[in-house]
Amino acid sequence: MSKPLHYNRSLSFIILIIILFQIGILGSTSITDLDYRLSKLKNADASVSARQSFHGGSSAELSVNSEGNFARIYIYLDPPLPLEDLDELSMWIYPQSGDGTVQVELYFDGDGDDSYDSKNLQDAKILSRKESCSEVGMSNHTWNELDGFDLEYEKYRDEEFLPGSLDDCKSRLEGKKIVKICITIYKDSKASDTSAFIDYIKIGDEIISFEPLEKEDVKDGPSSATPGGLMTYTITYGNNGIEPVDLIVKEDYDPQTVFIESYPPPDPGTFNTWTFPNLPPGAHGQIVIKMRSRKPAARASIDGRVSGRGLASTEGMLSTEFESYLVTNNVHILAGEFNFSASATTRIRPIIGSVLQYGEHGSGDYQAEEKLTYNSVSINAERNILAGFSPVFVNLSRNSIPLRGDWSAKLRAENDYRDIRWSDRYYGAKSLNLSYRAQLGKTLSYLETDSRVQGLADHTAYWPGGFTDTHLNGNFALAGKARWKWANKTVSPEKKWLECSCPMEDGQPSS
Ligand SMILES: [Ca+2]
Ligand SMILES: [Ca+2]
-4 MSKPLHYNRS LSFIILIIIL FQIGILGSTS ITDLDYRLSK LKNADASVSA
46 RQSFHGGSSA ELSVNSEGNF ARIYIYLDPP LPLEDLDELS MWIYPQSGDG
96 TVQVELYFDG DGDDSYDSKN LQDAKILSRK ESCSEVGMSN HTWNELDGFD
146 LEYEKYRDEE FLPGSLDDCK SRLEGKKIVK ICITIYKDSK ASDTSAFIDY
196 IKIGDEIISF EPLEKEDVKD GPSSATPGGL MTYTITYGNN GIEPVDLIVK
246 EDYDPQTVFI ESYPPPDPGT FNTWTFPNLP PGAHGQIVIK MRSRKPAARA
296 SIDGRVSGRG LASTEGMLST EFESYLVTNN VHILAGEFNF SASATTRIRP
346 IIGSVLQYGE HGSGDYQAEE KLTYNSVSIN AERNILAGFS PVFVNLSRNS
396 IPLRGDWSAK LRAENDYRDI RWSDRYYGAK SLNLSYRAQL GKTLSYLETD
446 SRVQGLADHT AYWPGGFTDT HLNGNFALAG KARWKWANKT VSPEKKWLEC
496 SCPMEDGQPS S
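The opening residue of the sequence shown carries number -4 in the numbering used here; numbering runs sequentially from there.
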């Protein structure tokens, strides 16, 4: 009794080619999400200055000369902040020359269009009473805190609205949302020029410190990268508090990326953690990380030979196709109570390539020889199959069951890049003698088959511009050769023939 041969194999190679990266920043966030603008007027200057600062290394310097009237900071809240949620509105002011007048204005949206319109009665604007720096108790040449909740406000063009504190306005302007805040320094009419520095404006949880890096995205990445190439991520960190902190930056790398190097380098013994001990208030910095996308080995050569008597079932698949996936690198910044996360996501596009699938199934004598070579852009396969029917017995406990089997075989070759598909199927066969060579590449694809079969066969081929469909039944010999070349931006058959020699003893060929 022959020994059952169980031969089951699954060959699956996924060859990844990364042609293009598309990096999208999900929820791009910066240390300060408030936008601000400084006024640009002929006789007044407003600019970021490193000459004085309360927090970090710089502040906004507002100066008005004798011909000017005012200099202003415009702050935009996007999304608008409901007035009832405003729990803090403060700033630090350093009066330098003259005794300028400070005014804070809040602009509200009341009709839901996220903008202020002076003609819309539902929208509103409130202004703090104009008071000079000395009137609100500030001293020149020193940093003074001004709390917006200590000021008295009146409503623009509404004389029935009694002046009141910001807390009074909260109840009277219920439901309105702040879209813009202006801080203005008006000229001291008695002085030749008026100037002041403003720093560390706190509106709710957000802080404007006029530091160059505070508007950078916490996590930023390139818009595209080459296959398996370098991707550079930039992390921006900062201490927005008013006490020094130990700040820790921790990266969660996507498993499909590899860390290469960073500046500054990570903490010793780590590749994803940076510690900045005792980081001063207002200090900001950046970490530049270079990563590489994983590019799997895309070359292999396989020589195989199998033979035996019994049940045979083989399955093989080679593919250069590659599904799209996302690569996400996350960053976590920890500084005291401050815990911040941001991420950069890269979409890796799908790769359209080639797939070769083959297999035989049956019982009897089986012999297969194969040589498979592939790389990231092409598949090359050469297989010789010899199979014949012979009775096989499967021994299940005491009873031997004779198995009557037919042979079947399939070969499916797809070049999806060039839209070529071949499919050969043999079934109900008493014997198979198949030889084929297949090449699936971008410029050249071919399939050469030589088969002697006692049974049935379906043979189809599709390519841009045509298809063939052949059915054979009987005892036949079939030789086919199809070769497709990519030239002048079209795929065209170079040479193609199908030969059929028959009839044999039983069965009639048909096509
Ligand atoms: Ca509005
Ligand atoms: Ca500052």
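We put the CB at the ideal spot given by N, CA and C, even for glycine.
Where do the ends of the beta strand (DSSP E) carrying residue i lie?
| i | result |
| --- | --- |
| LEU351 | 349 to 369 |
| VAL448 | 439 to 458 |
| HIS279 | 279 to 288 |
| GLY383 | 374 to 384 |
| TYR248 | Note, TYR248: premise wrong, no beta strand (DSSP E); not H, not E. |
| GLY233 | 225 to 233 |
| PHE254 | 252 to 258 |
| ILE178 | 172 to 181 |
| GLU201 | 201 to 203 |
Can you give me the start and stop residues for the alpha helix (DSSP H) that residue i sits inside?
| i | result |
| --- | --- |
| SER166 | 161 to 167 |
If you reduce the DSSP assignment to three classes, tell me which class residue i lands in.
| i | result |
| --- | --- |
| ASP401 | coil |
| VAL143 | The question names Val, but residue 143 is Gly in the sequence shown. Of the three classes helix, strand and coil, the one that applies to GLY143 here is helix, per DSSP. |
| LEU78 | helix |
| HIS327 | strand |
| LEU57 | strand |
| LEU29 | coil |
| ALA45 | coil |
| ILE193 | strand |
| TYR412 | coil |
| LEU274 | strand |
| ASP419 | strand |
| VAL213 | coil |
| ALA66 | strand |
| ASN267 | coil |
| LYS37 | coil |
| LEU306 | strand |
| GLY236 | coil |
| GLY436 | coil |
| SER187 | coil |
| HIS466 | strand |
| GLY51 | coil |
| THR340 | strand |
| PRO90 | strand |
| LEU321 | strand |
| LEU208 | coil |
| LYS480 | strand |
| LEU406 | strand |
| LEU157 | coil |
| ASP262 | coil |
Less than 8 angstroms between C-beta atoms, sequence neighbours within five positions excluded: which residues of the same chain meet that for residue i?
| i | result |
| --- | --- |
| ASN267 | LYS245, GLU246, ASP247, TYR248, PHE254, PRO261 |
| HIS136 | TYR89, PRO90, GLN91 |
| SER42 | LEU33, ALA55, GLU56 |
| SER127 | ASP94, GLY95, THR96, VAL97, ASP183 |
| GLY159 | GLU147, TYR148, ARG167 |
| GLN281 | LEU208, GLU211, THR229, ILE230, THR231, TYR232 |
By Cβ distance, which residues of its chain are closer than 6 angstroms to residue i, with the 5 residues on each side in sequence left out?
| i | result |
| --- | --- |
| LEU241 | Checking the sequence shown, residue 241 turns out to be Asp, not Leu. Once the five neighbours on either side are set aside, the close Cβ partners of ASP241 are PRO272. |
| LYS285 | LEU225, THR227, ILE255, GLU256 |
| ASN60 | ASN38, ASP188 |
| SER48 | SER54, ASP194 |
| TRP417 | ALA408, LEU442, ALA456 |
| ILE374 | LEU313, SER349, LEU351, LEU435 |
| THR444 | TYR431, GLY475 |
| ILE415 | SER440, TRP458, TRP479 |
| ASP30 | TYR71 |
| PHE333 | none |
Closest Cβ-Cβ distance between residue i and chain C: below 8 angstroms?
| i | result |
| --- | --- |
| GLY107 | Looking at the structure shown, chain C is missing, and only one protein chain is on hand. |
Near residue i, which residues of its chain fall below 7 angstroms by C-beta distance, leaving aside the five closest residues on each side in sequence?
| i | result |
| --- | --- |
| GLY362 | In the sequence on display, residue 362 carries Gln and not Gly. Correct list, in chain order: SER302, LEU381. |
| ASP118 | PHE103, ASP104, GLY105, ASP106, TYR111, ASP112 |
| ASN234 | VAL240, LEU242, LEU274, PRO275, PRO276, GLY277, ALA278, ALA330 |
| ASP82 | GLY199 |
| GLY143 | LEU84, SER85, VAL99, LEU161 |
| ILE237 | HIS50, PRO276 |
| VAL283 | THR227, THR229, SER257, TYR258 |
| ARG447 | ASN428, ALA472 |
What do you reckon, is the C-beta of residue i under 7 angstroms from a heavy atom of ligand 3?
| i | result |
| --- | --- |
| ASP112 | This structure simply doesn't include ligand 3; it includes ligand 1 and ligand 2 instead. |
*Would you mind listing the beta strand (DSSP E) stretches within the region 92 to 155 that are 3+ residues and don't spill past its ends, in chain order?*
96 to 104, 119 to 123, 139 to 142, 148 to 150
*Sequence-ordered residues whose beta carbon comes within less than 7 angstroms of a heavy atom of ligand 2*: SER48, PHE49, HIS50, GLY51, GLY52, SER53, SER54, ASP194, TYR195, SER204, PHE205, GLU206, GLY277
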